[in-house]
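For what it's worth, my numbering labels the leading residue of the sequence shown as 11, then goes sequentially. Cβ atoms here follow ideal geometry from the backbone N, Cα and C, with glycine treated the same way. Owing to the predicted nature of the structure, the values given are computational and were not obtained by experimental measurement.
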Amino acid sequence: MAKTTYDLLFKLLLIGDSGVGKTCVLFRFSDDSFNASFISTIGIDFKIKTIELEGRKIKLQIWDTAGQERFHTITTSYYRGAMGIMLVYDVTQARSFENINKWLRNIDDHASDDVVKMLIGNKCDMEDKRCITKQRGELLAKEHSILFLETSAKNNVNIEKSFYEMARLILKKTPGNTNNQPQSLPDPNRSTPSNCLNCM
């Protein structure tokens, strides 16, 4: 039997409106690359990255979902297997922030009760176009008792920190912290107290 090269497997999900930069956030973390001209994700895609945290090798399987309504049925079927969900909005697009409550309802309807949630305000490098203040993001996160970070995939601000913080929270909730085998996510071919972490 082949020996696994990791101690734990954490399945994460990136959700939010189309165009907020979910794919850019994922590629910056997984490949340390940035491409401003990514086309919109069709359905769902994923990347894998193994990190070391508190002496353990943790394999992160990170699912990138389409934000468009027409993919709603496909993407919500992936919520149940996720151990952590990052809700991403664009600090320059008010509607993407206003829709976070809709995405939170989707989590309540489709995800496990103990899923770890984090609010991400992306594109914090675009201060001249910002319309959502950091304080509004902090307030929303506090209302829902979830972590908050502002990120910039372009300038690589808080990207790694957000994934490590998410993994750390999941690790704290993992019984025994070894040989973790969470519920599998669906086959794509088949139909705590608030902590606010600020943009440095």
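Assignment of I110 by DSSP, reduced to helix, strand and coil, places it in the helix class.
Secondary structure at I156: coil, using DSSP grouped into helix, strand and coil. Non-local C-beta neighbours of N109 in its own chain, meaning closer than 6 Å and more than five positions away in sequence, comprise D27, ordered along the chain. Its chain contains T102 as the residues whose beta carbon lies nearer than 6 Å to that of K139, once the 5 sequence neighbours on both sides are disregarded; these appear in chain order. If you draw a straight line from the Cα of C134 to the Cα of G65, it comes to about 32 Å.
Taking 8 Å as the cut-off, the Cβ atoms of K59 and S40 count as close. Residue burial is scored here from C-beta neighbours: E160 has at least 16 other C-beta atoms within 10 angstroms and is therefore classed as buried.
Taking a contact as a CB-CB distance under 8 Å, the pair V125 and I156 does not count as one, their CB atoms being some 10 Å apart.
Exposure of L149 is indicated by the presence of fewer than 16 other C-beta atoms within 10 angstroms of its C-beta.
A Cβ-Cβ distance of about 7 Å is found for the pair L23 and Y89, placing them in contact under the 8 Å criterion.
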